[in-house]
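Residue numbers (this note's numbering), protein chains in the order written: chain H, 93 to 206; chain Z, 20 to 132.
See the structure below:
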């Protein structure tokens with residue numbers, strides 16, 4: 093069975109500071125890991141994914157994420173936050189054992205203050 | 020290319036009624052999945068269809084059902100509505116493969132009174 097945990101409901105950072113949104117996962121096989129962002133009254137938008145290879149993945153809008161197999165983590169990061177990054181962020185996992193299903197974390201609300 | 024289209028955008032129903040939601044995927048995408056989003060429960064997987072076949076199903080009662088047509092368009096039906104069914108229902112489409120990302124529609128906001 094798949095599961096994803098986002099331990100922080102809310103993350104607050106000042107504009108220009110680095111940000112981290114945490115995610116840990118559990119799957120029975122090799123994981124495919126994703127980050128999505130949701131703006132108010134909208135569906136989710138894809139940010140980045142880890143499939144295999146380099147543990148540091150770069151995505152849209154300057155975001156990156158680091159895959160750590162031993163810690164089963166996939167934390168989202170950005171070196172310098174913008175006010176426009178304020179949104180709801182979801183981590184998700186897929187694997188071959190559960191075809192067609194993506195399991196999402198509960199989401200983390202990121203607020204970037206000017 | 021047009022994105023994922025969900026209709027209607029908003030729905031208001033009363034308890035005991037039934038409702039049908041529609042989703043048109045991105046052209047060429049044969050996988051369509053449905054999610055229920057509520058403030059307290061986050062995003063919960065309902066089911067996924069691929070080439071008109073349900074491949075996977077979440078832990079929802081039988082009142083929730085779906086289908087997919089030969090053109091990959093999908094519908095979701097909820098019968099005997101309950102107050103707790105009030106939620107944002109999101110549809111997502113993707114190419115085949117577990118390493119493929121999901122493309123989401125804007126959702127249907129269902130309110131059950």
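We put the CB at the ideal spot given by N, CA and C, even for glycine.
When C-beta atoms of the stretch 183-191 of chain H are compared with those of the stretch 95-110 of chain Z, fewer than three pairs fall below 8 Å, so the two segments do not count as touching.
When H:111, H:103, H:133, H:127 are compared, the shortest CA-CA separation from residue 128 of chain Z is found for H:133.
If you draw a straight line from the Cα of residue 98 of chain H to the Cα of residue 158 of chain H, it comes to about 15 Å. Where residue 49 of chain Z is concerned, there is no enclosing beta strand (DSSP E), because DSSP gives it neither an H nor an E. Here residue 166 of chain H is bridged, per DSSP, to H:159. In this structure, residue 56 of chain Z lies away from residue 65 of chain Z, with their beta-carbon atoms at least 7 Å apart. Under the DSSP assignment, residue 69 of chain Z falls in the beta strand (DSSP E) whose first and last residues are 61-69. In the three-state DSSP reduction, residue 131 of chain Z falls in the strand class (E or B).
Taking a beta-carbon distance threshold of 7 Å, residue 191 of chain H counts as an interface residue toward chain Z.
At a cut-off of 7 Å between beta-carbon atoms, residue 199 of chain H makes contact with chain Z.
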